[in-house]
Each structure stands twice: as structure tokens, then as C-alpha cells.
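Residue numbers (our numbering), protein chains in the order written: chain A, 1 to 200; chain B, 1 to 200. C-beta: ideal position from N, C-alpha, C; glycine also.
Protein chains: 2
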Amino acid sequence: MSIERPARIRRSPEAARENILAACEAILLEKGPQALKLADVAAGAGVANATVLHHFGSIDGVQTALMTRMIRQLVQRIAVDFGQHQDTVGRVGAGARALFDAFGTRGGARLAAWLELTGEARRMTAIRQAVQEVAALRMQLDSPVDETAVQDFMLVCVTMALGVGLFGETMAELLGRPPERIREIALDLIEARIRQETGG
Amino acid sequence: MSIERPARIRRSPEAARENILAACEAILLEKGPQALKLADVAAGAGVANATVLHHFGSIDGVQTALMTRMIRQLVQRIAVDFGQHQDTVGRVGAGARALFDAFGTRGGARLAAWLELTGEARRMTAIRQAVQEVAALRMQLDSPVDETAVQDFMLVCVTMALGVGLFGETMAELLGRPPERIREIALDLIEARIRQETGG
DNA sequence: GGCCTTACCGACAAAAATGTCAATAGAGCG
DNA sequence: CGCTCTATTGACATTTTTGTCGGTAAGGCC
Numbered sequence: 001m002s003i004e005r006p007a008r009i010r011r012s013p014e015a016a017r018e019n020i021l022a023a024c025e026a027i028l029l030e031k032g033p034q035a036l037k038l039a040d041v042a043a044g045a046g047v048a049n050a051t052v053l054h055h056f057g058s059i060d061g062v063q064t065a066l067m068t069r070m071i072r073q074l075v076q077r078i079a080v081d082f083g084q085h086q087d088t089v090g091r092v093g094a095g096a097r098a099l100f101d102a103f104g105t106r107g108g109a110r111l112a113a114w115l116e117l118t119g120e121a122r123r124m125t126a127i128r129q130a131v132q133e134v135a136a137l138r139m140q141l142d143s144p145v146d147e148t149a150v151q152d153f154m155l156v157c158v159t160m161a162l163g164v165g166l167f168g169e170t171m172a173e174l175l176g177r178p179p180e181r182i183r184e185i186a187l188d189l190i191e192a193r194i195r196q197e198t199g200g
Numbered sequence: 001m002s003i004e005r006p007a008r009i010r011r012s013p014e015a016a017r018e019n020i021l022a023a024c025e026a027i028l029l030e031k032g033p034q035a036l037k038l039a040d041v042a043a044g045a046g047v048a049n050a051t052v053l054h055h056f057g058s059i060d061g062v063q064t065a066l067m068t069r070m071i072r073q074l075v076q077r078i079a080v081d082f083g084q085h086q087d088t089v090g091r092v093g094a095g096a097r098a099l100f101d102a103f104g105t106r107g108g109a110r111l112a113a114w115l116e117l118t119g120e121a122r123r124m125t126a127i128r129q130a131v132q133e134v135a136a137l138r139m140q141l142d143s144p145v146d147e148t149a150v151q152d153f154m155l156v157c158v159t160m161a162l163g164v165g166l167f168g169e170t171m172a173e174l175l176g177r178p179p180e181r182i183r184e185i186a187l188d189l190i191e192a193r194i195r196q197e198t199g200g
């Protein structure tokens, strides 16, 4: 009498990767990027350690793939948000909110910080492409005067979203302010700046 | 014939801690906080692994002690800077510059990010105390109208300095802007805000 | 049905890192 | 000088984690 093994599931490479990355996202949200250990990821996805390595090469590969995936999803959401607003200020505000959401609430900033600290940041080229796409959208919709101003503005938005997403909650608590305060202030700053740029 | 051993150096507890933390600072600058391994720290300080543990209890203890030390040094520098400026805007600008320097150039943001990710952030109570001291200084020198405005302002400054210090360089490079650009913009935002608060 | 590609897996190897423990040796002090 | 305190140490145990390897089986294709 042979021991029962759970039947193997054979997925397409894309489905297998997606399955693993979805598990990663849950782990990232629950325990942070440092918990993206090979064994935990594999367990979360319901596959063996070796399977994860088969698809991503290394645990670092898993992490950068997760970052890329989150950035792609963010760009899609921003594109949708842009379509739902007629005015520049509304568009940018909605985009900024999506940005803060992806990096703050959904754990993107913590993952980005992890990549930055482990020297994997250079592989985040997905960000460059994403920014180019969003910038192209804005140039098309808003036809702003100055392209470097757009780039500077996006640099500010992204960096602030990352900083607030990673440190905002802890700092607010440590300094005795409400946890969401820093995000409000940051969004105010961003909207004030865009108003100033478009208005004057 | 006995094997030559290097003579032991016996330091006071304070000197021993200082020696170890100085080595940590060098490692932090050169390789980042994830390189603050027990063996490397001990080697950098020229002592045995067990010695480090004797003084700090654990490698996490070393890291939080280093953070505390950096924050103390920062507060001292800010106090000096405050004394060298007569006007509020000049004072705050100099303080912000010191803040960005400590967190950016000197590696404080990377260390803070590490503590945040590894769950050690709650032990960064040194920040709370530091902010209280600086806030007290400002209340005394500038007698600003609103204390919560001061707290909000410091929350913004600290969070931005952390965000820019950790992500600024990489993001600027990724988005095709000069590496120091984000810092300039951030300082502009801060000074504009303080001018607005004091001016009107 | 038979074959071939490759997604998948268990077992194992190997490295890296932290922390424990008992012993050693400076340095102050009577 | 001899005693005591404790900073210091080497050796070691343990844990954690990544990655390799040879074999297994699922599903497409002829």
C-alpha cells in the first residue's frame, strides 16, 4: 500500500509565476519583505522550494519580479484614474492617491526599501518605464509647458510616496501625531504644487 | 614555545561601546545596515564576537544603539546651528540641512529603514526625545503660535529627510534627474512652508 | 498509444549567522 | 603581593536559509 501524495498541479509558466507572486503579495502585506523567505513563499504558494527557484532563479529574482508586478498594476490604475478626471488637478490628485496607496497601504515602499538596502534597486527598471508611461500620458492629456518640470514633479511624488509609505506611520506615532496625518500633509503639498504650476 | 597572541586591550565599558559603535558607523556608510553582521562589526572594532554581545546583548542591540547615537549627534548639531542664526527661516533651513545630511549622506535613513523593516522601529524612542528637545528649542527661540503646527512641521521634515535619504539618489537616477535634485526640491518645499507659516 | 518536453518535487549539501559557555587576563584596591 | 571584578576571548552548538541534483509525472503532439 503506497503512501498518498497530493496530486501535482501542473501550470503554465505564466500561471505558475502568477500563483507564486500572489502568495508573495500576501506575505509582503502581512509580514513585510524580509519575510519573503524561499520556504515561506513556497509554502504560501503550495509548491516546493525548488519550484520557486525553477521559475525565478533565486529569491532575489522573486522579489524584483514582485516589485515589477506591483508597479505594472499601479500604472494601470493610474491610467484608469487619469481617464476619470477632466481637470489636471483632479487627475494628478487621483494619481498621487493611487501612488500613496500602492506604496503605503499595499506594502510597495517596504519592498522598495528592501531592494534598495540589498542592492537590488538597480534592477527596478520597471519604475523608469512606468514613469515614462505616466509622463507620456500627462504630456498628452495636460500638455504641460515644461517636460523637466513634469519629471521633477514625478520625482517628488514618487520619493514622497515611498518615504511616507515606509516611515510615515512609525514617525507619526513616535512624534505623537495621528497616523494618517503625514499622508494628508504630503498630499496637500503635492496638490498645492501642481495647482501652482498649472495656475501660474 | 607558546604561540604569540596579540595583547588584550581592556577598555572601560563606555570606551568599549564607543569603539564598537565607531566601527559600525564606518560599516554603515560603506556597505549599509544589512552589513552590520556580528562578525563584521567585531572585526571592524578589533574585538571578538563575544565582546560585542557582552556590551550590547545582541546584534539588534548594536543597531539600535547606533541609531540612538546618530540621533544624539544630530540633535547636538541642530542645537549649534540654531544658535548661529538670528532669523527663524535661517534657523529652520540650517536644521533641515543637518537633518538631510544625517539621514542622507551619513546613512541614517538606511539604518532607520532597516530598523523599520526588522520591527525594531519601536525602539527608536531616541527620535521622540530628540524631537521634543528640538521642538522645545524652537518654542523658546521662535515662540511660534501653534504647537501642533510645529509638530506637524517636524513630522514632515523628518519623514521627508528619511525618504529622500533612502530613496532619493536611486529614484533620481532611475527617473533621469541629477542625483541631488530631489534634495534641493525637498529643501525648497520645507523652506517655502516655513516662510509661509512665519510670514502669514 | 508512445514519446518528449519541462513543470514539479524530495532529499540533501553547504554556507552564513547568532548566540552560549567556560576560561583567561587586565586593572584597581586592600 | 594577592584578591576580586569583569572585560575579553576561542571554541562550539544551533538555527536559519539558500540553492543543487537526480528523478517523477503531467500534458501536448505525432
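- Segment contact: the stretch 45-60 of chain B against the stretch 124-143 of chain B, fewer than three CB-CB distances shorter than 8 Å; contact not assigned.
- Comparing alpha carbon positions, the residue from B:Asp-146, B:Arg-123, B:Arg-183, B:Phe-153 closest to Cys-157 (chain A) is B:Arg-183.
- Every alpha helix (DSSP H) stretch that sits fully inside the stretch 87-115 of chain A and reaches 4 residues is listed by chain position as 88-100.
- At least 7 Å separates the beta-carbon of Met-154 (chain A) from that of Gly-108 (chain A).
- Within its own chain, the residues whose Cβ lies closer than 8 Å to the Cβ of Ala-65 (chain A), once the five positions on either side in sequence are excluded, are Arg-17, Leu-21, Phe-56, listed in chain order.
- For Val-145 (chain A), the secondary structure class from DSSP, reduced to helix, strand or coil, is coil.
- Interface annotation, Thr-51 (chain B): not in contact with chain A, CB-CB separation never under 7 Å.
- Around the Cβ of Thr-170 (chain B), a 10 Å sphere holds 16 or more other Cβ atoms; the residue is buried.
- Ala-135 (chain B) and Ala-186 (chain B) have their C-alpha atoms spaced approximately 20 Å apart.
- Among the residues facing chain B, Gly-32 (chain A) is included, as its CB has a counterpart in that chain under 7 Å away.
- Judged by DSSP in its simplified three-state form, Glu-120 (chain B) adopts coil rather than helix or strand.
- For Arg-183 (chain B), the uninterrupted alpha helix (DSSP H) segment begins and ends at 181-199.
- Arg-91 (chain A) is positioned such that its CB atom lies no closer than 7 Å to that of Pro-33 (chain A).
- For the stretch 162-188 of chain A, the set of positions with a beta-carbon nearer than 7 Å to some beta-carbon of chain B reads Leu-162, Gly-163, Val-164, Leu-166, Phe-167, Gly-168, Thr-170, Met-171, Ala-172, Leu-174, Leu-175, Gly-176, Arg-177, Arg-181, Ile-182, Ile-185 in chain order.
- The straight-line gap separating the alpha-carbon atoms of Ala-43 (chain B) and Ile-27 (chain B) is approximately 11 Å.
- Interface flag for Gln-151 (chain A) against chain B is set, since a Cβ pair is found closer than 7 Å.
- Taking the beta carbon of Leu-155 (chain B) as reference, the chain A residues within 7 Å of it are Met-171, Ala-172, Leu-175, Arg-177, Arg-181, Ile-182, listed in sequence order.
- 7 Å or more divides the Cβ of Gly-163 (chain A) from the Cβ of Leu-74 (chain B).
- When 8 Å is used as the limit between beta carbons, Ile-127 (chain A) is near these residues of chain B: Met-171, Leu-174, Leu-175, in chain order.
- Listed along chain B, the residues sitting closer than 7 Å to Thr-159 (chain A) by beta-carbon distance are Gly-163, Val-164, Phe-167, Gly-168, Met-171, Ile-182.
- Per the C-alpha coordinates, the member of B:Asp-60, B:Phe-103, B:Gly-176 positioned closest to Val-150 (chain A) is B:Gly-176.
- A residue is called buried once 16 or more other Cβ atoms fall within 10 Å of its Cβ, and Arg-193 (chain A) is buried on that count.
- A residue is called buried when at least 16 other Cβ atoms come within 10 angstroms of its Cβ; Ala-45 (chain A) meets this threshold and is buried.
- For the pair Leu-53 (chain B) and Arg-122 (chain B), the Cα-to-Cα distance works out to about 21 Å.
- Not a single C-beta of chain B is nearer than 7 Å to the C-beta of Ala-42 (chain A).
- Within its own chain, the residues whose Cβ lies closer than 7 Å to the Cβ of Glu-120 (chain A), once the five positions on either side in sequence are excluded, are Asp-60, Gln-63, Thr-64, listed in chain order.
- Asp-81 (chain B) counts as buried, since at least 16 other C-beta atoms from the protein chains shown sit within 10 angstroms of its C-beta.
- Comparing alpha-carbon positions, the option among B:Ala-39, B:Phe-167, B:Phe-103 lying closest to Met-124 (chain A) turns out to be B:Phe-167.
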